[in-house]
Amino acid sequence: MDNKQKALELGQKPVGQLLWQYALPAMVAMVASSLYNIIDRSVIGQVVGPEAIAGLGITFPFMNLSAAFGAAVGVGSSTCISVKLGQRDYETAQHLLGNTVTLNIIVGFLFMLICLLFLDPILIFFGASEATLPYAREFMQIILLGNMVTHMYFGMNAVLRAAGKPRHAMYATLFTVGCNVILVMAFVWWFRWGIRGAALATVVSQTLALIWQMWIFCDKRELLHLKKGIFRLKGELVRNIVSIGVSPFLMQTTSCVIVIFMNNQFVRYGGDMAVGAYSIANSMVMVFFMFVMGVTQGMQPIVGYNYGAQKYDRMMRCVWLAISIATTFLLMAWALSMLFPRQMARIFTTDPVLLEMAAQGIKIDMMVFFVVGSQAIITNFFQCIGKVKISIFLSLSRQLFLLLPMAYIFPSFWGLEGVWYSMPASDFGSFSMTIPILLWHIRKFKSYGQKDNH
Numbered sequence: 011m012d013n014k015q016k017a018l019e020l021g022q023k024p025v026g027q028l029l030w031q032y033a034l035p036a037m038v039a040m041v042a043s044s045l046y047n048i049i050d051r052s053v054i055g056q057v058v059g060p061e062a063i064a065g066l067g068i069t070f071p072f073m074n075l076s077a078a079f080g081a082a083v084g085v086g087s088s089t090c091i092s093v094k095l096g097q098r099d100y101e102t103a104q105h106l107l108g109n110t111v112t113l114n115i116i117v118g119f120l121f122m123l124i125c126l127l128f129l130d131p132i133l134i135f136f137g138a139s140e141a142t143l144p145y146a147r148e149f150m151q152i153i154l155l156g157n158m159v160t161h162m163y164f165g166m167n168a169v170l171r172a173a174g175k176p177r178h179a180m181y182a183t184l185f186t187v188g189c190n191v192i193l194v195m196a197f198v199w200w201f202r203w204g205i206r207g208a209a210l211a212t213v214v215s216q217t218l219a220l221i222w223q224m225w226i227f228c229d230k231r232e233l234l235h236l237k238k239g240i241f242r243l244k245g246e247l248v249r250n251i252v253s254i255g256v257s258p259f260l261m262q263t264t265s266c267v268i269v270i271f272m273n274n275q276f277v278r279y280g281g282d283m284a285v286g287a288y289s290i291a292n293s294m295v296m297v298f299f300m301f302v303m304g305v306t307q308g309m310q311p312i313v314g315y316n317y318g319a320q321k322y323d324r325m326m327r328c329v330w331l332a333i334s335i336a337t338t339f340l341l342m343a344w345a346l347s348m349l350f351p352r353q354m355a356r357i358f359t360t361d362p363v364l365l366e367m368a369a370q371g372i373k374i375d376m377m378v379f380f381v382v383g384s385q386a387i388i389t390n391f392f393q394c395i396g397k398v399k400i401s402i403f404l405s406l407s408r409q410l411f412l413l414l415p416m417a418y419i420f421p422s423f424w425g426l427e428g429v430w431y432s433m434p435a436s437d438f439g440s441f442s443m444t445i446p447i448l449l450w451h452i453r454k455f456k457s458y459g460q461k462d463n464h
């Protein structure tokens, strides 16, 4: 099958078969990536100590902020590419690839430079204490030095999926994860390089994967490939990328703000150990949520292509199927977290105080976890079809409009437990807002389909 035919199949194959074909590699890759994060934190917690886990928790906002800038380029460009392929505008899709490379280099370098210059003040603002600051600093110095590689790696993986190569994107992630695990064991466990060794393992692994990705895009036989004349930034293309990418950017940036605020609330009401417990609970949540992210990544090229081709029935079948898959999986994850929270927490630490706090935190954090999948799928759906304002509103609803005020008010009544309970309360509130918005837009798409039939 030639490369153009691979793109055309997004509008022809049965939707269920397509979603399986695209989502399964993404799910495998995302779950593997989250399992790496567990292994990473487990090794750090067991070898370096509980203070290092708390220090690593402080870096979550930094990682989210870096991911926000990466998503603004990677998700924005891949969505634009999917729509252009649906419209069979291959020349514009080619230039979008080149602009993606250029933007990732510029954004990655500027983010690295600014953050390295003000690293300590930023980490202290994020909630680092005297005990946790050295660990957070050592980790982020290495991560930031490799920031351009990280941005490019994630951006190229998103473009691979948009170009009809979900398996190649999966292979890149699996390679990165496997290489990461081996290097973490070597650098942290064997060489005893501490938390700095874990960061170095991440950067080296992503660099090797990026080399392979760029080798694929240098192949002139590919529908999308690197060539002269496509790297110069074009105002219209950059605006399109940014207009789509602003939704995931704001979502990730808001997540960064929330983690900063939550870290400070946990320090205030429970100390450094509470931050460590939040870090552990957050890691478990992300392991399960990565499955949902895999589904959203798999559905993105299908929804984008069929929206561009005005095949609205196929587009909505994909959305409903994605919601069903995500909700079913999260129901299983919810059951596991309710039954085995201590076993989950023990992966990261044997410290009795931290273990007890983390186990309780996992149960509370995942209390209504099964409703989160549909909210994520629907938000991503509006992003895929260019409904930026709706996607931004839904992205911000859970974290900025609900979680932030709840996490501020609840502790006034219930102390540390109030910080924990603000998370499931905001999850359910966001879910309650999302479903009616989707149903209203479904009626609009049905009317479009009826007009097309006349």
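Under my numbering, think of the first position of the sequence shown as 11, with each following residue one higher.
For each residue, glycine too, the CB sits at the ideal point set by N, CA and C.
Using a 10 Å radius around the Cβ and a threshold of 16 neighbouring Cβ atoms, would you call residue 425 buried or exposed?
On the sequence shown, position 415 is the one that residue 425 refers to. By the neighbour-count rule (16 or more Cβ atoms within 10 Å), residue 425 is not buried but exposed.
Is the region 207 to 219 touching the region 149 to 156 in the sense that three or more CB pairs, one from each, lie closer than 8 Å?
yes
Beta-carbon proximity of residue 127 to residue 143, cut-off 8 Å
Within the sequence shown, residue 127 is the residue found at index 117, counting from 1. Within the sequence shown, residue 143 is the residue found at index 133, counting from 1. No, the pair does not count as a contact, with Cβ atoms beyond the cut-off.
Where are the alpha helix (DSSP H) runs, 4 residues long or more, that stay fully inside the region 168 to 233, in chain order?
176 to 194 and 204 to 227
What does a CB cutoff of less than 8 Å around residue 130 pick up in its chain, not counting 5 residues either side in sequence?
Numbered from its first residue, the sequence shown carries residue 130 at position 120. 143 and 147, listed in sequence order.
Nearest to residue 161 by CA position, among 140, 179, 172 and 121, is which residue?
Residue numbering aside, residue 161 sits at position 151 when the sequence shown is read from its first letter. That would be 121, whose Cα lies nearest to the Cα of residue 161.
Any idea what DSSP makes of residue 357, helix, strand or coil?
As a first step, residue 357 is located in the sequence shown; it is residue number 347 there, counting from the start. Coil, per DSSP.
Compute the distance between the beta-carbons of residue 387 and residue 297, then report whether it is under 8 Å.
For the purposes of this step, residue 387 is taken as the residue at position 377 of the sequence shown. For the purposes of this step, residue 297 is taken as the residue at position 287 of the sequence shown. No.
Residue 104 - DSSP class collapsed to helix/strand/coil:
Mapped onto the sequence shown, residue 104 falls at position 94. Here residue 104 sits in helix by DSSP.
Classification of residue 338 by the beta-carbon crowding that lies within 10 angstroms, buried from 16 upward
As a working note, residue 338 is residue 328 in the sequence shown. Exposed, by the Cβ-count rule.
According to the neighbour-count rule (16 or more other Cβ atoms, all chains shown, within 10 Å of its Cβ), is residue 225 buried or exposed?
Translated into the one-based positions of the sequence shown, residue 225 becomes position 215. Flag for residue 225 reads exposed.
Just checking, does the region 344 to 363 make contact with the region 269 to 279 on the three C-beta pairs under 8 Å criterion?
No, the region 344 to 363 is not in contact with the region 269 to 279.
Nearest-angstrom Cα separation, counted from residue 333 out to residue 507:
Missing from the structure shown is residue 507; the chain here goes from 11 to 464 and no further.
Are the beta-carbon atoms belonging to residue 361 and residue 291 less than 8 Å from one another?
Working through the sequence shown from its first residue, we reach residue 361 at position 351. Working through the sequence shown from its first residue, we reach residue 291 at position 281. No, these two residues do not count as a Cβ contact at 8 Å.
Inter-residue Cα distance where the pair is residue 363 and residue 436
Indexing the sequence shown from 1 puts residue 363 at position 353. Indexing the sequence shown from 1 puts residue 436 at position 426. It is roughly 27 Å from the alpha-carbon of residue 363 to the alpha-carbon of residue 436.
Quick check on the burial criterion: 16 or more other C-beta atoms within 10 angstroms. Buried or exposed for residue 11?
In the sequence shown, counting from the first residue as 1, residue 11 sits at position 1. A caution first: residue 11 carries a pLDDT of 47, below 50, which makes its placement in the model unreliable, though a value can still be read off. Residue 11 is exposed by the Cβ-count criterion.
Per-residue burial, residue 192 [other beta carbons within 10 Å of its own, 16 or more giving buried]
Here residue 192 refers to the residue found at position 182 when the sequence shown is read from its first residue. It counts as exposed.
In this structure, does DSSP put residue 4 in helix, strand or coil?
In the structure displayed, the chain extends from 11 to 464; residue 4 sits before or after that span and is not available.
Terminal residues of the alpha helix (DSSP H) in which residue 152 lies:
Taking the first residue of the sequence shown as 1, we reach residue 152 at position 142. Where residue 152 is concerned, the enclosing alpha helix (DSSP H) stretches over 143 to 155.
Find the nearest neighbour of residue 369 within the set 427, 137, 301 and 168, judged by alpha-carbon distance.
Position 359 of the sequence shown, counted from the first residue, corresponds to residue 369. When each option's Cα is compared against that of residue 369, the closest is 427.
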